[in-house]
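Asks:
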Amino acid sequence: MTQIQLAEWSRVLYSPTTILLYFAAAFVYLYALTTTVGRVKDRVRGRRAQQAAGVVTVLGLTAHIAHEIFRGLAQDRLPLGNMFEVTSLMALVGVGAGVGYLQFVRKRPELNGFVLLAGGLLVAFAGLMYAEPGPLMPILDTWWRPFHVSLLVAAMGIFAAGFVFHGLYLLSERAEQVRLVMTESSAGAATTTATATVSGAIVAPQVRIPRDAARDATTAAGTPGEPDAPTIADPSVRSAMRQATSPFKLGIGMFLGTATVSWVFIVAGDTTAVGVGRFLGINIAMVAAALIAWWFTPFLPSAQTLDGLAHRTIAFAFVMWTVGTIAGAMWAEQSWGRFWGWDPKETGAFLTWVVYAGYLHGRATRGVRGRLAAWIGIGAFVVLMGTYLIANYVIVGLHSYAGL
Amino acid sequence: MGWRWLTRMKTALGMLAVLALMTAVATAIPQAPNVPGTVDAWLAGEQGPGSAVAAALHAIGAFDVYGSPAFLALLLALFLSLTACLIPRIKAWVILVRRSRPPIMRELPHDAVRIHTRQDAATTANVLRDLLGTRRWRLRVDQSGQPTPADVASRVAGDTGVSIEARSDALVVNLAGEKGLWSREGGSILFHLSFYVLLAAIVFGQLLTFEGQRGVIEGEPGFADTEVSYWAYRPGRWFSGADHAGWQLDLDAFHIDWIRDPHAPGAGQPTKFRSDVTITMPDGDMFVADVEGNRPLVIDGVKIHQLDWGYAPWVEIEVDGDLVYASFITTVASDDGAFRGAAKAPAATPDVGLELELFPFSPDGDDGLPRLTGAPWDDAPLLIFHQWRGDLQLGRTQQLITELDTNLLEPEGFGFMRPGDEVELNGVVVRFTELRRWVGFQVSYRPQIPWLLFGSALLIAGLVTALYAYRRRVWMRVESDPSTGRTIVSVYGRAFQRPEKFEVDFGALIDEMCQTVDGVRSDSAAGITAAERAKEGAS
Ligand code: HEM
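In order, the protein sequences belong to chains A and B.
Numbered by our numbering, the letters in the first sequence go through residues 1 to 404 in order.
Numbered by our numbering, the letters in the second sequence go through residues 1001 to 1539 in order.
(1) Report buried or exposed for A:K249, applying the criterion of at least 16 other Cβ atoms within 10 angstroms of its Cβ.
(2) Give me the Cα-Cα distance between B:P1363 and B:I1329, rounded to the nearest whole angstrom.
(3) Between which two residues does the alpha helix (DSSP H) carrying A:L306 extend?
(4) I'd like to know if B:P1235 contacts chain A, where contact means its C-beta is closer than 9 Å to some C-beta of that chain.
(5) So, with DSSP's three-state summary, where would you put A:S150?
(6) Which residues in the same chain have their Cβ closer than 7 Å to the Cβ of B:S1275, if we skip the five residues on either side of it in sequence?
(7) Report yes or no: is there a C-beta of chain A within less than 9 Å of the C-beta of B:Q1399?
(8) Flag this pair as yes or no: are the beta carbons of B:T1134 and B:V1478 separated by less than 9 Å?
(9) Where do the ends of the alpha helix (DSSP H) carrying A:I69 lie?
(10) State yes or no: is the C-beta of B:W1353 within less than 9 Å of the C-beta of B:T1406?
(11) Hey, B:L1207 and B:G1246: beta-carbon distance below 9 Å or not?
(12) Specify whether the region 1478 to 1491 of chain B and the region 1198 to 1212 of chain B touch according to this definition: at least 3 beta carbon pairs, one from each stretch, less than 8 Å apart.
(13) Provide the residue(s) that pair with A:L345 in DSSP beta bridges, ordered along the chain.
(14) Which residues in the same chain as A:P79 place their Cβ atom closer than 6 Å to its Cβ, once the five residues preceding and following it in sequence are excluded?
(15) Excluding five sequence neighbours on each side, which residues of the same chain lie with their C-beta closer than 8 Å to the C-beta of B:A1041?
(16) Quick one, which residues of the region 1023 to 1049 of chain B are near chain A if we go by CB-CB under 8 Å, in chain order?
(17) Going by DSSP in three states, A:R215 sits in which element: helix, strand or coil?
(18) If you draw a straight line from the C-alpha of B:M1417 to the C-alpha of B:L1382, how long is it?
(19) Under DSSP, the alpha helix (DSSP H) around B:H1192 begins and ends at which residues?
(20) List the whole-angstrom C-beta distance separating B:I1104 from B:N1174, where the pair is believed to meet the contact cut-off of C-beta under 8 Å.
(21) How is B:M1286 classed by DSSP in three states: helix, strand or coil?
(22) Give the secondary structure of A:K249 by DSSP, where H, G and I count as helix, E and B as strand, and everything else as coil.
(23) Using a Cβ-Cβ cut-off of less than 7 Å, list which residues of the region 1071 to 1093 of chain B approach chain A; keep chain order.
(24) Which residue's Cα is closest to the Cα of A:A293: A:Q243, A:T17, A:L168 and A:Y14?
(25) Which of the three DSSP states, helix, strand or coil, is assigned to A:F159?
(26) Reducing DSSP to helix, strand and coil, say where B:M1476 ends up.
(27) Does the distance from the C-beta atom of B:V1302 to that of B:Y1445 stay below 9 Å?
(28) Alpha carbon to alpha carbon, how far is B:T1280 from B:D1225? Give it in angstroms, no decimals.
(29) Quick check: the Cα distance between A:A244 and A:I252, rounded to an integer number of angstroms?
(30) Comparing the C-beta of B:A1447 with each C-beta of chain A, is any distance below 9 Å?
(31) Could you tell me how far apart the beta carbons of B:G1180 and B:R1471 are, in whole angstroms, since I believe they sit closer than 8 Å?
(32) Just checking: is the beta-carbon of A:A342 within a distance shorter than 9 Å of some beta-carbon in chain B?
(33) For B:T1465, which option in B:L1131, B:E1185, B:S1068 and B:I1202 has the closest C-alpha, if you only look at C-alpha atoms?
(34) Taking C-beta to C-beta, are B:C1081 and B:T1011 nearer than 9 Å?
(35) Under three-state DSSP, which class holds B:V1035?
(36) Go ahead and label A:R238 buried or exposed: buried means 16 or more other beta carbons lie within 10 angstroms of its beta carbon, across all protein chains shown.
Quick look at the structure:
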């Protein structure tokens, strides 16, 4: 194959192939998740759907990897040279690591849908920055570069997963509060002793467990839990758990929250129309993702699980970010003869590091837990995305390759 | 607001927040040490939010965040707070390492795992102690040997056939093991201590470093590494002129090429960027070397980077038959593809100044006139000059070598030339005889780098340990059961972090114990263990 053909193949493998496969897998997984509360027949269908989604996921990952390989061959270098390539690889790492972790380590494949949804969005987002394959400037061609860039990219992908977990935590935590109230009131109908036990359990951390346990009971044995404990097999319980978060507020909040970062596209667009189009596209996609997640509120893992996942994910990414930033300084010393010059990219990397260090400090001292931690985690991700886009799109040109 | 205030986590978090805020400002607003030109443009109102806002930003030091007194104050406060917080932590840690022993638990909870073995109690206890030791558990062994009354009572109640007397000579060994206690806290302390190493490296680095820049024209004499030969010279306060090695660098050739096909991917990007240089050491030794974008030349710890390049036309100016100027001119690339420079000839009366624009690839069009393409390769160079006369004000105003100060100069028109051409304008003859290239080298000496790497290594090692060393405890109770002649081992564990991971590890430990003491796990009395319950929950 000629390089032109390879380039063409890599483009098709990316868009539409990978994008569609990720979204398709996401929706089939999410459909399978909804069947866990249905009748036996539904659940059988759900299990088949989940297997099908697994196949689609593998196809999507294969297409994505093939895209990276073809692109690499077409341009005869590692595809880590520009914003598109970096973001695409970030999505690949995020989806691969996320699905692998849920599937094989946590053994919760039913949650893969959320990872794939996020991955599909990221892949589509990278598509907005698509650049034809091409060679690298010689200055960018050093061993430190792929090392530095891939670490930071992987860290960004994992930070993104932490952001998703924190967002889901907020949905799940509110829903649990609602369920607690329902548990209390249903128990209140029983004897006084029963009320005492139940409300005694409310203060203990284990209260989070009944929800998972109730679902396990329904999925495993096919019988609803105790008649007076509200389970998600009951549509009114599901609806009440959803209503714990107002979808309007969620949508508007997501739109505004995304706008704190995506305005960059208005500024950076070739024309205002293109810029506004991208801005709206990203914001609406994020709102749609939030609303889909909202609809799935009753099926989410317990808030405690999500909180722990988010914390560990972010701590891991923090280590990668640290190493990656240091590698970047080594590269700068190698290429530019200065290891740290406080240019916007370096400053942005440092800012992200400080913000996430603040997050870890807050958590380590027990002062910050639950909702506050989730909001700090979300804010830190906004800072990460903001500095990444601003340093690349808004302040371009200031730091081109010119020394004297 | 005393020492106590400084040691509070809230204070540290607040300072980190301020640091983040300052860094955000430094990200969004151009910084004078990086891009002085942009800052000047902001202050002049040519770019950015307007001169009024820029003046306000300037007043609060936003154009040089990391050089501002506020930042220095914050840094001082951060390190004070860090110190205030670390001293008691280190003290406590040393005490922990020297004195602390895992507490013995005499009565294990009911859901402890039980292992039965035919080996005698003393052997079993020894084998288990060794096993825990090789798995790097810190151990404490209690051989007081006497079963506690409660223990006996429960045993009697459960197992009526055994008398109290028969149990009193039974051997009981209590083991307690602990993991991750020193390392987790030690890692955190190491991580924070690494900041001192980094800070010291940065401060001493600033004092001992040196950085200089100098342009060199192909084939022309280069420069010597001495104080006076650099165009830009930034020594640290403790770097003296005597510290220069004094070698001489000459540029033999500079190789650069691009992807010239406008339809090829990456069209216009450079593909080659290399300088062939000859170095003459002070003792007369000579050697040739090349410098590439990512491969600086290192001479005795001094790094030579190739940072910039441009074209260098040889330009001569003759006024009334007198040669008043003859020199290579270093021109600098600009965004429109032109390489710009200036010729200043104070030897003429009045002074002659030329503003020069070199367009390296300007082939003739169908009409015979050159077309400017903006491409950087010098296949059809064209030199355009604007001529000025009057007072150059050399030495009186601050001037760049690539620009004229035209305040006291009168324009006299312009002309253009190919190499070998000459143009006469108002009695001034301008000649363009030859085109070469020049390279901008940066010479830097940074003794702090190994120390920065050392600090970074400490930082990463500390961070990983602080995050991934988990605190765990296990307790074991080994006792002989004379009624059956067997030895019973009860095991109980506790995780302070990541309990779900510990359940797996704990299960593995039990399996290993069973193997080493040749025992069987019996989960009779209290039934299933924590580890097993977890397994059940997962399936
Ligand atoms: C004002 C100076 C600082 C003070 C007083 C301070 C104090 C502390 C304390 C007491 C802990 C241990 C918390 C615990 O395990 O209970 C800690 C952990 C930590 N600190 Fe700092 N620190 C300071 C500066 C920094 C800075 C500048 C960074 C990095 C940007 C940083 C990053 C961390 C990290 C990553 C942890 C580990 C968190 C964890 O164990 O999960 N610290 N710090």
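Every residue gets a Cβ at the ideal spot worked out from N, C-alpha and C, and that includes glycine.
Replies: Taking the geometry as given:
(1) As a position in the first sequence, residue 249 of chain A is number 249, starting the count at 1. In summary, A:K249 is exposed, with fewer than 16 beta-carbon neighbours lying within 10 Å of its beta-carbon over all protein chains present.
(2) For the purposes of this step, residue 1363 of chain B is identified with residue 363 of the second sequence, where counting begins at 1. For the purposes of this step, residue 1329 of chain B is identified with residue 329 of the second sequence, where counting begins at 1. Between B:P1363 and B:I1329, the C-alpha separation is close to 22 Å.
(3) Taking the first sequence and counting its residues from 1, one reaches residue 306 of chain A at position 306. Per DSSP, A:L306 belongs to the alpha helix (DSSP H) from A303 to W336.
(4) As a working note, residue 1235 of chain B is residue 235 in the second sequence. With 9 Å as the cut-off, B:P1235 does not count as an interface residue toward chain A.
(5) As a working note, residue 150 of chain A is residue 150 in the first sequence. Shown here, A:S150 sits in a helix according to DSSP, grouped into three states.
(6) By 1-based counting over the second sequence, the position of residue 1275 of chain B is 275. Closer than 7 Å at Cβ, skipping near neighbours: L1251, F1254, D1290, V1291, Q1306 and V1439.
(7) Residue mapping note: residue 1399 of chain B aligns to position 399 of the second sequence, counting from 1. For B:Q1399, the answer is no, since every Cβ of chain A falls outside 9 Å of its Cβ.
(8) The sequence position of residue 1134 of chain B within the second sequence is 134, counting from 1. The sequence position of residue 1478 of chain B within the second sequence is 478, counting from 1. Cβ distance not < 9 Å, so B:T1134 and B:V1478 don't count as in contact.
(9) Within the first sequence, the letter at position 69 stands for residue 69 of chain A. V40 to Q75 is the extent of the alpha helix (DSSP H) around A:I69.
(10) Within the second sequence, numbered from 1, the residue matching residue 1353 of chain B stands at position 353. Within the second sequence, numbered from 1, the residue matching residue 1406 of chain B stands at position 406. Reading the sequence as shown, one finds Gly at residue 1353 of chain B and not Trp. A contact, by the Cβ cut-off of 9 Å.
(11) Residue 1207 of chain B sits at position 207 when you count from the first residue of the second sequence. Residue 1246 of chain B sits at position 246 when you count from the first residue of the second sequence. Not in contact: B:L1207 and B:G1246 (Cβ atoms no closer than 9 Å).
(12) no
(13) Numbered from 1 along the first sequence, position 345 holds the residue referred to as residue 345 of chain A. Per the sequence shown, residue 345 of chain A should be read as Lys rather than Leu. Paired residues: none, contrary to the question.
(14) Against the first sequence, residue 79 of chain A aligns to sequence position 79. So the qualifying residues of the chain are E68, R71, G72 and E85.
(15) Within the second sequence, numbered from 1, the residue matching residue 1041 of chain B stands at position 41. Taken in chain order, the residues that qualify are Q1047 and G1048.
(16) T1023, A1024, A1026, T1027, A1028, P1030, Q1031, P1033, N1034, V1035 and T1038
(17) Taking the first sequence and counting its residues from 1, the one referred to as residue 215 of chain A is at position 215. Reliability of the predicted coordinates at A:R215 is poor, the pLDDT of 42 falling under 50, and no value is obtained from them.
(18) Residue mapping note: residue 1417 of chain B aligns to position 417 of the second sequence, counting from 1. Residue mapping note: residue 1382 of chain B aligns to position 382 of the second sequence, counting from 1. Near 6 Å, if we compare the C-alpha coordinates of B:L1382 and B:M1417.
(19) Locating residue 1192 of chain B in the second sequence gives position 192, counting from the first residue. Here the alpha helix (DSSP H) through B:H1192 covers L1181 to L1208.
(20) As a working note, residue 1104 of chain B is residue 104 in the second sequence. As a working note, residue 1174 of chain B is residue 174 in the second sequence. Right, their Cβ atoms sit about 5 Å apart.
(21) As a position in the second sequence, residue 1286 of chain B is number 286, starting the count at 1. In this structure, B:M1286 counts as strand in the three-state DSSP scheme.
(22) Looking up residue 249 of chain A in the first sequence gives position 249. Reduced to three states, the DSSP call for A:K249 is helix.
(23) none
(24) As a working mapping, residue 293 of chain A is identified with position 293 in the first sequence. When only C-alpha atoms are compared, the closest one is A:L168.
(25) In the first sequence, residue 159 of chain A corresponds to position 159, counting from 1. Correct three-state label for A:F159: helix.
(26) Taking the first residue of the second sequence as 1, we reach residue 1476 of chain B at position 476. Correct three-state label for B:M1476: strand.
(27) In the second sequence, counting from the first residue as 1, residue 1302 of chain B sits at position 302. In the second sequence, counting from the first residue as 1, residue 1445 of chain B sits at position 445. It is a contact, given that the beta carbons lie within the stated cut-off.
(28) Position 225 of the second sequence holds residue 1225 of chain B. Position 280 of the second sequence holds residue 1280 of chain B. Distance between the alpha carbons of B:D1225 and B:T1280 is about 10 Å.
(29) Translated into positions along the first sequence, residue 244 of chain A becomes position 244. Translated into positions along the first sequence, residue 252 of chain A becomes position 252. Cα-Cα distance, rounded: 16 Å.
(30) Counted from its first residue, the second sequence places residue 1447 of chain B at position 447. Reading the sequence as shown, one finds Pro at residue 1447 of chain B and not Ala. So no, B:P1447 is outside the interface.
(31) Within the second sequence, the letter at position 180 stands for residue 1180 of chain B. Within the second sequence, the letter at position 471 stands for residue 1471 of chain B. Their Cβ separation, rounded to whole angstroms, is 4 Å, which keeps B:G1180 and B:R1471 in contact under 8 Å.
(32) The residue labelled residue 342 of chain A in the question sits at position 342 within the first sequence. In the sequence as displayed, the identity of residue 342 of chain A is Trp instead of Ala. Interface residue, yes.
(33) Within the second sequence, residue 1465 of chain B is the residue found at index 465, counting from 1. Nearest of B:L1131, B:E1185, B:S1068 and B:I1202 to B:T1465, Cα basis: B:E1185.
(34) Here residue 1081 of chain B corresponds to residue number 81 of the second sequence, with the count starting at 1. Here residue 1011 of chain B corresponds to residue number 11 of the second sequence, with the count starting at 1. Per the sequence presented here, residue 1081 of chain B reads as Ser, with Cys not at that position. Yes. Within cutoff.
(35) Translated into the one-based positions of the second sequence, residue 1035 of chain B becomes position 35. Here B:V1035 sits in coil by DSSP.
(36) One-based indexing of the first sequence puts residue 238 of chain A at position 238. It counts as buried.
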